[in-house]
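**Q** Take a look at this one; I'll ask things after.
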Amino acid sequence: MDWSDVRIFLAIAREGSLGAAARAVGQTQPTMGRRLRALEASVGQTLFQRTADGFVLTDEGMAVMASAERMEEEALAFERALASRESTLSGQLRLAASDWFGSYVLTPVLAEFARQHPSVTVELLTDARLYSLARREADLAFRIKAFDEPDVISRRLLRMPYALYAHRDQPRPRKGGRGVRLVTMNAAFGGMPDVAWLKQHLPEASVAFTSNSRDAQARLCAQGVGVAVLPTALGDAFGELKRINLGEPPPSRDTWLGYHKDLKRLNRLRSLLELLAQHFDGAIA
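Residue numbers (my numbering): 38 to 322.
Take a look at the structure:
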């Protein structure tokens, strides 16, 4: 198999469907189907079992999976090595961050970067997925915990304070939170520090709305649906909101950035890191 065949094989194996795999590699679903059929015909084996739940590797597919991943590692290392030797400030730079962080923290920095380096195209990915830096799904990623992936350089960018917010016309919550409605994280993020803080300080409050999106929580809070713990960079951006002091602020959170060590000499990445250091008091310099 050549590298293009390996990419198709790995995308389908990881995503479990032609549609999701097509989005991952930038192809159409019919094209993915044709290429998979051609691949299986060329190797003379059925690599996937088609089930109601998606595509599942057959024994033959499992047998070649490890070899395909090793081939991918070599191909991506080759791409990273070439990218790191680019001397011009041009090309694409792909960033991954949460929705609110990308919109309310990064965009001022990226606007300045665009003015300074007009030949660089920045792509900002904002969803809950953890993009792989090793596979160059992103060149630079921002997370709320340090990176532990092998070969990833991790740096603390900033410490973000959080606060309790309510619509400016809403009264101060009663002690204990009786009658208060909460806008908070959903069950998948129930272990977040601000969720525990809300339970401790407003134990009698009821939940009105949950989401994994901080931006959605801020907008619902601004509509008067309930109170919410938000990063101050997000909450302060809404004129309809006011901070509520319950005597103790919610826990603040660190934000970390990470990039693959093979890209540390990539000029466009280094230039963005330098600009981030300027904006955030040299925290990553």
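By construction, the Cβ of each residue, glycine as well, lies at the ideal position given by its N, Cα and C atoms.
Relative to the C-alpha of Asp185, which candidate in His297, Gln315, Asp318 and Gly53 has its C-alpha closest?
**A** Considering only His297, Gln315, Asp318 and Gly53, the residue with the shortest C-alpha distance to Asp185 is His297.
**Q** For Thr158, is the classification buried or exposed, using 16 other Cβ atoms within 10 angstroms of its Cβ as the cut-off for buried?
**A** In this structure Thr158 is exposed. Its beta-carbon is surrounded by fewer than 16 other beta-carbon atoms within 10 angstroms.
**Q** Roughly how many angstroms separate the alpha carbons of Ala151 and Ala133, rounded to a whole number?
**A** 17 Å
**Q** Taking the C-alpha atoms as reference points, what is the distance between Ser248 and Met222?
**A** 5 Å
**Q** Quick one: grab the DSSP three-state call for Ile45.
**A** helix
**Q** Quick check: the region 307-317 against the region 237-247, are there 3 or more CB pairs under 8 Å?
**A** no
**Q** To which residues does DSSP link Pro287 through a beta bridge?
**A** DSSP lists no partner for Pro287.
**Q** Per DSSP, what kind of secondary structure is Gly70 in: helix, strand or coil?
**A** helix
**Q** Can Gly213 be considered in contact with the ligand COA, in the sense that its beta carbon sits closer than 7 Å to one or more heavy atoms?
**A** As for the ligand COA, it is missing from this structure, which has no ligand bound.
**Q** State the Cα-Cα distance for the pair Pro67 and Ala259, rounded to the nearest angstrom.
**A** 44 Å
**Q** Looking at the unbroken beta strand (DSSP E) that takes in Lys279, where does it start and where does it end?
**A** Leu278 to Ile281
**Q** Note down the Cα distance separating Ala183 from Met229, rounded to an integer number of angstroms.
**A** 15 Å
**Q** Could you check if Arg305 is buried or exposed, using at least 16 other CB atoms within 10 Å of its CB as the buried criterion?
**A** By the C-beta density criterion, Arg305 is buried, having at least 16 other C-beta atoms within 10 angstroms.
**Q** In angstroms with no decimal places, state the Cα-to-Cα distance between Gly290 and Leu267.
**A** As written in the sequence, residue 290 is Arg, which differs from the Gly given in the question. Arg290 and Leu267: Cα-Cα distance of roughly 11 Å.
**Q** Give the C-beta separation of Ala59 and Thr65 to the nearest angstrom, bearing in mind that I take them to be a contact with Cβ-Cβ under 8 Å.
**A** Ala59 to Thr65, Cβ: 6 Å. Contact.
**Q** When you compare only the Cα positions, how much space is there between Gly56 and Leu76?
**A** 17 Å
**Q** By Cβ distance, which residues of its chain are closer than 7 Å to Arg205, with the 5 residues on each side in sequence left out?
**A** Glu277, Leu278 and Lys279
**Q** Let's test the definition: count the other Cβ atoms within 10 Å of the Cβ of Pro287 and tell me whether it reaches 16, buried, or not, exposed.
**A** buried
**Q** Might you give, ordered along the chain, the residues of its own chain that have their beta carbon closer than 7 Å to the beta carbon of Gly70, omitting 5 neighbours on each side?
**A** Leu55
**Q** Could you work out which residue in Arg44, Gly272 and Thr83 is closest to Met99 when comparing CA atoms only?
**A** Thr83
**Q** Can you name, in chain order, every residue of its own chain whose Cβ lies under 8 Å from the Cβ of Ala118, other than the five neighbours on each side?
**A** Asp299
**Q** For Ala100, which three-state DSSP category applies?
**A** helix
**Q** So for Ala322, helix, strand or coil by DSSP?
**A** Any reading at Ala322 needs caution, since the residue's pLDDT is 42, under 50, leaving its predicted position unreliable; the model's value is listed next. Ala322 falls in the coil class under three-state DSSP.
**Q** So, is Pro155 buried or exposed, given that buried needs 16 or more other C-beta atoms within 10 angstroms?
**A** exposed
**Q** What is the rounded straight-line gap between the Cα of Ser308 and the Cα of Leu162?
**A** 19 Å
**Q** Considering just the uninterrupted stretch of the alpha helix (DSSP H) at Gln82, what are its terminal residues?
**A** Gln82 -> no alpha helix (DSSP H), and no H or E assigned at all.
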